[in-house]
Structures are given as C-alpha cells and as structure tokens.
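For any residue, its number in my numbering is found by taking its place in the sequence shown, counting from 1, and adding 45.
Where a beta carbon is used, it is the ideal one built from N, C-alpha and C, also for glycine.
Okay, structure first, notes after.
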Amino acid sequence: MAVFLIRRLLGMALTLLMVSFMVFLIMELPPGDYADRYAFRKFSGTGVAVTPADIQAIRVELGLDAPMLVRYADWIGGIVLRGDFGQAYSFLTSVNIVIGDKVWLTMGLLMVTLLLTYLIAIPIGLYAAVRRGSGADYGLTIFSYLGLALPNFLLALVLLYFANRWFGASIGGLFSDEYKDAPWSFAKLWDLVKHLWIPALVLGWSAIAYQLQTVRATMSDELGKLSVMAARARGLPETRLMVKYPARLAINPVVSTIGFDVNRIFSELPIVAAVLGLTELGDLLLKSFLDLDMNVAGAILLMLTVVIVVMNFVSDLLLAWLDPRIRLEG
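Printed below as a string of structure tokens:
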C-alpha cells in the first residue's frame, strides 16, 4: 500500500504541474491582453488617440511584455511559494482579495453537494437492487429518470415558486439578510449550514439520479455472481454478506467518478447560482474572461482543476481500500 500511495502521489504532483501549464496556456489563448482593455477603458470617450506605443508602454508597466515561459514561472512560483495568485488588473487589487470568501463558499458547496449525492444515491441504489422488481424499485427508477430529464436550474425555479407561493419564503442565497455582510462568527456559520442544503440538493439532483442508476445496475450484477451464492451457501449472515461482497464492489464505479462529479457540479453551478442568488466563482470566471483579466480567470481554473486532481487521487485511494485487486495491479 505504501508503494501504491507513493506512486499515486508522484503521479498527482506531475499531473498538477502539467495542469498548471495547460491553465496558463488557456489564459494565453484569447487574442490581445489586458493592456488593450485597459487602454480602452482609460481613454474611451476622451478623444485621446491611443497609439501602439501607448499600449506597449502599458504592457511593460503591467509586466505583460515578458516571454510566456518567464511569466508562467513568475505566476506559478508566486502561487506555490507565497500563495499569491497575482494582480487582478480589472479590480485594481490582488486576486486573493477578489476571490476571497467566494473560494471557500464555492468549495464548501461543492463538497456538501458531493457528500449529499453519495449519502442519498448509494444506500437507495443498493436498496433498489436488493428489492429489484418491487414497487419501491420501480418508484426509485422513475425518480432517477426524472432526475436525469429535469435540468437542475428548472428544479431551482420550481422550488423557488412553491416556496414563495405556499410558504411565503425565499430559499435563495446562502445567508439570511442579517448575515450577508456580517463578519464571520458561529451564528453566521450556522446560518450558512441552514441555507446550504437546498442549493446542494439542487446541484446534486442529476448526479444523484445518475449515481443511483449506476449503483443499482452494478449491485444487481454483483448479486448474481457465484461468490455471493457461495457465501450465502456457507451460512454467512445476509447483512454481513451484502456489505462484505456485492455492496463493497458495487460502489467502485461511483468512487472512480468523484472527479467527474466535481466537474459536472461546477459546470452546472453558474446557472443554478444565478437562479438562487448564490455567491460563487462561476460568474466571476466568466466576467474575468470577458475583461481579459487572466490572473483571476487562471486562479479560478487552477483551483478547480487542483480540486478535481486531488479528488481523483482520493478516489484512487478509496478504490484501493475497497478492492485490493486494484492496489496489486497498480
């Protein structure tokens, strides 16, 4: 297991290095740079003619004239050595200040959504497989198909409508009005916890449906294997049999797709956040790309990809724990 862990850690470190360079390349893809946008904002409507020399002077002032590899080394070096994501040009401050609480709120929402997804999908999927052909199984199957067919943002709109129509309450946002701009305290944290489950449920809607079907299918397949029949013939208690053999192997496909679920949830987050009025990074990412403020955009992309890579590493460890065959083959 130690050799397996070391190999996976080295692989993760190499992957993170390659990912950081790819993120920087994506930052370089849009035509032009912030110097053009800065000149447009500063001199638009003033009647002042902006020459290429003026734009080049701005580029030199902002440090955008250096070769790409030099700028990449400065950028990644600042992040790794000092935790500094650089200057947010369009905000006239550092990227760390701009992303601020949005990072932790977004990451917290992602993690709670993942946790809620698996806490619902895995036990229900296992139950549906064990009770295959029953009324509960058919009902859960219909629910999962509905989850795959109904978009997350539409579910958010439905919940907003019924909450307002029936209860006269608003379920949007992550905080009550009195805590939105208040400093962090235990009361504000508890208020966040009370509001967090609704956006987490909405964001996890399609993931729950997908993983429920996955667990149901894999569990049904495992129940029919000879190893389960042999264990049952030996008189192994049914509950212990289910946990030790089919259930343990049935959740392997779920564990292996944790990184994919993180990516899917983040992809659906901006439109759900717009409906529910959430504070998150998706909208800031889009605005940064439009403003060519690539330090902000790059910081958000890098943090997202790092989370996906780390979660893939965690899924590898969980798979090795659940199924020793993977550890031996890896």
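Can you tell which of the options has its C-alpha closest to the C-alpha of residue i?
i, options, result
"Leu-425", "Asn-197, Ser-360 and Leu-364", "An answer regarding residue 425 cannot be provided, because it is not within the stretch 46 to 375 covered by the chain."
"Lys-270", "Arg-285, Pro-291 and Arg-279", "Pro-291"
"Thr-162", "Met-348, Asp-119 and Pro-244", "Pro-244"
"Ile-165", "Leu-150, Leu-185, Gly-180 and Met-57", "Leu-185"
"Leu-114", "Arg-261, Thr-96, Leu-195 and Met-67", "Met-67"
"Ser-301", "Tyr-206, Leu-330, Asn-357 and Leu-323", "Asn-357"
"Val-143", "Tyr-255, Leu-326 and Met-274", "Leu-326"
"Met-287", "Ile-303, Asp-266, Trp-235 and Pro-75", "Asp-266"
"Ile-17", "Met-63, Leu-62, Gly-123 and Ile-253", "Past the edges of the chain, shown from 46 to 375, lies residue 17, and the structure says nothing about it."
"Gly-249", "Val-157, Phe-220 and Met-57", "Val-157"
"Leu-74", "Val-355, Leu-335 and Leu-349", "Leu-335"
"Phe-220", "Phe-207, Arg-210 and Val-238", "Val-238"
"Trp-149", "Val-352, Val-359 and Arg-104", "Val-352"
"Leu-205", "Leu-61, Ala-318 and Phe-69", "Ala-318"
"Glu-106", "Tyr-79, Glu-283 and Arg-210", "Tyr-79"
"Val-354", "Met-274, Ile-100, Ala-47 and Arg-53", "Arg-53"
"Leu-321", "Arg-116, Tyr-183 and Trp-242", "Trp-242"
"Ser-312", "Asp-81, Ser-251 and Arg-279", "Ser-251"
"Leu-331", "Ser-230, Met-72, Gly-145 and Gly-280", "Met-72"
"Gly-218", "Ser-230, Arg-210 and Asp-236", "Asp-236"
"Ile-303", "Pro-97, Leu-160 and Leu-137", "Leu-160"
"Leu-62", "Val-299, Leu-154, Val-125 and Asp-226", "Val-125"
"Leu-294", "Ser-179, Leu-268, Glu-283 and Gly-280", "Leu-268"
Please work out which residues of its chain come closer than 6 Å, Cβ to Cβ, to residue i, disregarding the five sequence neighbours upstream and downstream, and give them in chain order.
i, result
"Ile-121", "Ser-65"
"Val-140", "Phe-130, Gly-131, Ala-133, Asn-340, Val-341 and Ala-344"
"Ile-316", "Phe-198"
"Ser-333", "Val-341 and Ala-342"
"Asp-119", "none"
"Ser-135", "Asp-336 and Asp-338"
"Tyr-83", "Ile-103"
Quick one: what does DSSP say residue i is sitting in, helix, strand or coil?
i, result
"Thr-138", "strand"
"Ala-58", "helix"
"Ala-227", "coil"
"Thr-263", "helix"
"Arg-285", "helix"
"Tyr-290", "coil"
"Ser-179", "coil"
"Ser-221", "coil"
"Leu-74", "coil"
"Gly-249", "coil"
Considering just the uninterrupted stretch of the alpha helix (DSSP H) at residue i, what are its terminal residues?
i, result
"Leu-195", "Segment: none, Leu-195 is in no alpha helix (DSSP H) and carries neither H nor E."
"Asp-129", "Neither: Asp-129 is in no alpha helix (DSSP H) and is coded neither H nor E."
"Lys-332", "326-335"
"Ile-296", "Unbroken run through Ile-296: none, as it is neither H nor E."
"Gly-304", "303-321"
"Thr-350", "339-367"
"Arg-277", "271-278"
"Pro-112", "That residue, Pro-112, is in no alpha helix (DSSP H); it is neither H nor E in DSSP."
"Asp-99", "97-107"
Under 8 Å Cβ to Cβ from residue i, same chain only, skipping five residues before and after it: list those, please.
i, result
"Ala-232", "Tyr-224"
"Gly-123", "Asp-129, Phe-130 and Gly-131"
"Pro-110", "Looking at the sequence provided, one finds Asp at residue 110 rather than Pro. The residues are Gln-101 and Arg-104."
"Asp-81", "Ile-100 and Leu-337"
Among the residues of its own chain, which have a CB less than 7 Å from the CB of residue i, if the five just before and after it don't count?
i, result
"Tyr-255", "Leu-193"
"Asp-361", "Arg-53"
"Leu-349", "Phe-311"
"Ala-201", "Val-247, Val-317, Val-320 and Leu-321"
"Gly-277", "One detail in the question is off: residue 277 reads as Arg in this sequence, not Gly. Excluding sequence neighbours, Arg-277 sits near Leu-286."
"Phe-69", "Tyr-117, Trp-120 and Gly-343"
"Arg-210", "none"
Examine the Cβ distances between the region 176-190 and the region 247-264 and report whether three or more of them are shorter than 8 Å. yes
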